[in-house]
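Heads up: take any position in the sequence shown, counting from 1, add 871, and you land on my numbering.
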Amino acid sequence: MYEPPQDTPTGVELFDAARLMKQDELRREHWKQSYALSSDIYRYRMLQADMGAWIDADVYCLRPLPDTEYLFGWENDTSINGAVLKMPAQCALLQALCKAAEDPTFIPPWLKRSRKEKLRWRKRLGIAKPVTKMPWGTIGPMLLTHLIAEMELGDQALPIDFLYPLSYGNTNLLFEPGLSLKDITTHRTIAIHLWNSLLRKRPVPARSPLAEIIGAAGGHLE
872 MYEPPQDTPT
882 GVELFDAARL
892 MKQDELRREH
902 WKQSYALSSD
912 IYRYRMLQAD
922 MGAWIDADVY
932 CLRPLPDTEY
942 LFGWENDTSI
952 NGAVLKMPAQ
962 CALLQALCKA
972 AEDPTFIPPW
982 LKRSRKEKLR
992 WRKRLGIAKP
1002 VTKMPWGTIG
1012 PMLLTHLIAE
1022 MELGDQALPI
1032 DFLYPLSYGN
1042 TNLLFEPGLS
1052 LKDITTHRTI
1062 AIHLWNSLLR
1072 KRPVPARSPL
1082 AEIIGAAGGH
1092 LE
C-alpha cells in the first residue's frame, strides 16, 4: 500500500509498497489502462526480496497454502497463472522473470521470428515498442508459462483444480443461486481465483457461492 487504508482487518501487517516500487514507477497498460504490468513487476520484486508467497487480492483461500519451494498452477491446459506465486529468491526462474520484466522494451521470445526481427529493428532505430503496448499478460502469465516450459519446471505447476477451479469464462457460477463452493471446486482445491474485474457492480444473490464466501469472511449482503 502507498497510503494507509482505513479498513484493515485485525491481524493484517501493513507494508510500505514504496520500499519495493516508487509511485512514479507505476505504469498503466496502453490497451486496458490497468496496473497489471506494474503488479507483475512488483510481485517479482517481492519474491526477490524473499517476502513469502504472492497472492492476488481476489484470491480466496480455502485452506493454508502448502509450504513448498515453488507454488504456481495451471489456469487452463496451456497457461500458468501468477495470481498465486512463490519460488526461491535466488532461483534461475525468478532471475529471468525479473530481467524481462524490468526491460521497458522487452521482446517476447515466443513471437514469430519475423515479428521479433521487426521489433529488434525498431529498437535499433530508437523507436522501440514499449512493453506497455504489448498484449495483456506479456510479462505476466505469458512470460511465466514460457520460462517454466523453457526451464523444464512444468512438473512444479499444480493441476488446474488446485488454484484455478473456476475459469475466467465461468465466473457466472459464483452468482448462481443453489450452488455452493463445493459445487465449483474439488476436494483438492486450495484456493479459488475470483477474477475481480468481472465481479464489479453485480448484485450477489443469496445462497450463491459468492454469498457463501462473503458470509464466511464475516460480511453480509446489501
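The beta-carbon is built from N, C-alpha and C at its ideal position, and this holds for glycine as well.
Fair warning: this is a prediction, and the values are worked out from it, not measured in the lab.
>> On the DSSP letters alone, give me the boundaries of the alpha helix (DSSP H) that Ile1061 sits inside.
In response: As a working note, residue 1061 is residue 190 in the sequence shown. Per DSSP, Ile1061 belongs to no alpha helix (DSSP H) and is neither H nor E.
- Message: Using a Cβ-Cβ cutoff of less than 6 Å, which residues in the same chain neighbour Thr1042 once the five nearest sequence positions on both sides are dropped?
- Response: What you label residue 1042 is simply residue 171 of the sequence shown in a count that begins at 1. Answer for Thr1042: Trp1066 and Leu1069, listed in chain order.
Identify the continuous beta strand (DSSP E) that holds Ala852 and give its terminal residues.
-> The structure shown has nothing for residue 852, since the chain only spans 872 to 1093.
Between the alpha carbons of Asp927 and Ala954, how many angstroms are there, rounded? Residue 927 sits at position 56 when you count from the first residue of the sequence shown. Residue 954 sits at position 83 when you count from the first residue of the sequence shown. C-alpha separation (whole angstroms): 5 Å.
| With distances taken between CB atoms, is the gap from Pro1080 to Leu1034 smaller than 8 Å? | On the sequence shown, position 209 is the one that residue 1080 refers to. On the sequence shown, position 163 is the one that residue 1034 refers to. Cβ atoms of Pro1080 and Leu1034: not closer than 8 Å.
Verify whether the separation of the beta carbon atoms of Leu933 and Ile1061 is less than 8 Å. As a first step, residue 933 is located in the sequence shown; it is residue number 62 there, counting from the start. As a first step, residue 1061 is located in the sequence shown; it is residue number 190 there, counting from the start. Using a Cβ distance threshold of 8 Å, Leu933 and Ile1061 count as a contacting pair.
Name the two residues that bound the continuous beta strand (DSSP E) containing Gly953. As a first step, residue 953 is located in the sequence shown; it is residue number 82 there, counting from the start. Its beta strand (DSSP E) spans residues Ile951 to Lys957.
Task: Nearest to Gly944 (by Cα), restricted to the options Ala1028, Ile1085, Pro1036 and Glu1047 - done: Against the sequence shown, residue 944 aligns to sequence position 73. That would be Ala1028, whose Cα lies nearest to the Cα of Gly944.
**Prompt:** With Ala972 and Ile1010 assumed to form a contact (beta carbons below 8 Å), what rounded beta-carbon distance in angstroms separates them?
**Reply:** Residue 972 sits at position 101 when you count from the first residue of the sequence shown. Residue 1010 sits at position 139 when you count from the first residue of the sequence shown. About 5 Å; that satisfies the 8 Å criterion.
Problem set entry | Option in Arg1078, Asp948, Ser905 and Asn952 with minimal Cα separation from Trp925 | Residue numbering aside, residue 925 sits at position 54 when the sequence shown is read from its first letter. Distances from the CA of Trp925 to each of Arg1078, Asp948, Ser905 and Asn952 were compared; the closest alpha carbon is that of Asn952.
(Q) Does Cys962 come out as helix, strand or coil in the three-state DSSP assignment? (A) The residue you call residue 962 lines up with position 91 of the sequence shown. Here Cys962 sits in coil by DSSP.
**Asked** Short check: CB of Val1002 to CB of Leu908, under 8 Å?
**Response** Position 131 of the sequence shown, counted from the start, is the residue given in the question as residue 1002. Position 37 of the sequence shown, counted from the start, is the residue given in the question as residue 908. Cβ atoms of Val1002 and Leu908: closer than 8 Å.
Less than 6 Å between C-beta atoms, sequence neighbours within five positions excluded: which residues of the same chain meet that for Asp929? The count along the sequence shown starts at 1 and reaches residue 929 at position 58. So the qualifying residues of the chain are Leu1065 and Asn1067.
Short of 8 Å in beta carbon distance, which residues of its chain neighbour Met1005, apart from the five on each side in sequence? Order them along the chain.
Position 134 of the sequence shown, counting from 1, holds the residue named residue 1005. Only Phe977 and Pro979 meet the Cβ criterion.
Original post:
Per DSSP, Cys932 forms a beta bridge with which residues?
Top reply: Taking the sequence shown and counting its residues from 1, one reaches residue 932 at position 61. Note: Cys932 sits in a beta bridge opposite Ala1062.
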